[in-house]
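Structure record follows, encoded as structure tokens.
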DNA sequence: CGCCTATTGCGAGCTGGTCGCAACAGCAGC
DNA sequence: GCTGCTGTTGCGACCAGCTCGCAATAGGCG
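Protein chains in written order, with our numbering: chain A, 1 to 147; chain B, 148 to 294.
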């Protein structure tokens with residue numbers, strides 16, 4: 001159950017000497033239980049539902065800190081604000097330029113690419129930070145085939 | 148020669164009924180002749196070298212318009228400002244998270260990925276809009292292998 | 001319980017980019 | 001070469017998303 005996941009997370013952070021404040025716990029809670037690709041603002045409002053006085057900068061700072069600790073990861077799905085995940089849930093994204101929907105990429109999808117790049121260029125891929133854009137099946141069907 | 152490339156471009160735009168202003172010509176000139184991955188600001192300063200009174204918003208508007216016309220394309224190489232290319236030069240990018248350098252991806256690299264995604268998800272990839280991050284060979288060697 | 005120090009709330013500030021508006025300048029037609 | 005229509009420009013105000021400095025606050029160890 002989800003309260004459990006949060007507690008586990010909190011416990012392991014505490015073991016690392018991380019101070020657990022209300023704001024920090026609420027941010028983690030929102031990440032564990034909330035909708036799939038929350039932006040900082042969405043997280044802020046979840047947090048404020050429980051603790052109305054939490055300031056936006058606190059959420060940003062907590063996300064930064066949690067990212068530095070390797071617990072959280074952020075991704076850019078397009079031109080808007082960044083979205084956040086628990087690092088354990090990290091995955092690639094395919095975002096449709098027409099409808100804006102984000103598909104989770106099957107985990108092996110980038111594996112092949114990563115191996116190719118590594119072999120040919122010595123480059124180690126981190127394919128999760130930016131989404132890859134394109135057209136989803138539905139939108140591609142409707143689009144007047146540009147050139 | 149490069150003046151030629153610019154002239155060709157200008158001529159073909161004019162044929163499409165696009166009005167060629169000083170600012171617009173200078174933006175194109177900077178794209179044709181300048182450094183590989185210019186940001187809007189870099190373009191602005193190239194333009195201003197020839198016409199000091201050109202305003203930043205003019206450069207943005209021209210880049211938007213040229214993009215709508217399919218002549219120019221922009222790419223996000225990381226967290227900073229967007230970078231611009233002539234559409235004819237479009238290519239994928241591999242950006243090193245440690246040193247920030249951008250490698251041009253070999254053109255066939257994404258082909259395989261694109262085919263896989265298409266077949267399995269019906270998703271048509273546009274792999275050029277966002278860079279893919281990672282660690283280049285040199286930096287990977289120096290990095291203390293995180294987990 | 002008390003102390004040390006990390007964290008917070010707050011507001012100002014920053015970057016990268018957009019917008020509305022009146023003045024201006026391409027260029028087609030004469 | 002001049003004229004007029006209309007697309008562009010310069011300008012400043014504005015916006016989103018995020019960062020920072022500071023004094024006050026609150027975890028959590030002893």
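Yeah, the Cβ is synthetic: ideal placement off N, Cα and C, and Gly gets one too. These figures come from a predicted structure and were not determined experimentally.
Determine the closest residue to residue i out of the options, with distance taken between C-alpha atoms.
i	options	result
residue 213(B)	179(B), 171(B), 241(B) and 260(B)	171(B)
residue 287(B)	245(B), 268(B) and 267(B)	245(B)
residue 135(A)	282(B), 274(B) and 219(B)	274(B)
residue 174(B)	272(B), 191(B) and 253(B)	191(B)
residue 267(B)	75(A), 106(A), 93(A) and 142(A)	106(A)
Can you give the Cα-Cα distance for residue i and residue j, rounded to whole angstroms?
i	j	result
residue 77(A)	residue 123(A)	23 Å
residue 284(B)	residue 164(B)	47 Å
residue 47(A)	residue 31(A)	10 Å
residue 9(A)	residue 50(A)	19 Å
residue 243(B)	residue 12(A)	31 Å
residue 90(A)	residue 73(A)	7 Å
residue 215(B)	residue 4(A)	50 Å
residue 203(B)	residue 189(B)	11 Å
residue 176(B)	residue 53(A)	52 Å
residue 70(A)	residue 161(B)	53 Å
residue 289(B)	residue 125(A)	16 Å
residue 93(A)	residue 108(A)	12 Å
residue 33(A)	residue 79(A)	25 Å
residue 58(A)	residue 234(B)	41 Å
residue 75(A)	residue 6(A)	21 Å
Regarding residue i and the ligand MG, is the C-beta to nearest heavy atom distance less than 7 Å?
i	result
residue 94(A)	This structure lacks the ligand MG; in fact it carries no ligand of any kind.
Original post:
Are there three or more Cβ pairs, one per stretch, closer than 8 Å when the stretch 240–260 of chain B is compared with the stretch 268–281 of chain B?
Top reply: yes
Subject >> Three-pair Cβ contact test at 8 Å for the stretch 217–230 of chain B versus the stretch 181–197 of chain B >> reply: yes
**OP:** Could you run through the stretch 125–140 of chain A and flag, in chain order, every residue whose CB is less than 7 Å away from some CB of chain B?
**Re:** For chain B, the residues of the stretch 125–140 of chain A that bring a beta carbon within less than 7 Å of one of its beta carbons are 125, 126, 127, 129, 130, 131, 132, 133, 134, 135, 136, 137 and 140, in chain order.
Original post:
Is it a yes or a no for the stretch 12–26 of chain A touching the stretch 58–65 of chain A, going by three-plus beta-carbon pairs under 8 Å?
Top reply: yes
Subject >> Length at least 3, wholly inside the stretch 197–245 of chain B: the beta strand (DSSP E) runs in chain order >> reply: Fully enclosed beta strand (DSSP E) runs of 3 or longer: 219–222, 230–233 and 240–243.
Original post:
Would the stretch 107–124 of chain A and the stretch 260–268 of chain B be scored as touching if the rule is three or more Cβ pairs under 8 Å?
Top reply: yes
Original post:
Residues in the stretch 54–77 of chain A with C-beta within 8 Å of chain B's C-beta atoms, listed in sequence order?
Top reply: Result list: 70 and 76.
**OP:** Mind checking the stretch 74–98 of chain A against chain B and listing, in chain order, the residues whose C-beta falls within less than 8 Å of any C-beta there?
**Re:** 76, 94, 96 and 97
Original post:
Which parts of the stretch 156–195 of chain B are runs of the alpha helix (DSSP H), unbroken and 4 residues or longer, counting only runs that do not cross its ends?
Top reply: 169–180
Subject >> Chain-ordered residues of the stretch 162–186 of chain B with a beta carbon less than 9 Å from chain A >> reply: none
Original post:
If you scan the stretch 253–294 of chain B from start to end, which runs of the beta strand (DSSP E) of 3 or more residues do you find wholly inside it?
Top reply: Whole beta strand (DSSP E) segments, 3+ residues: 271–273 and 279–282.
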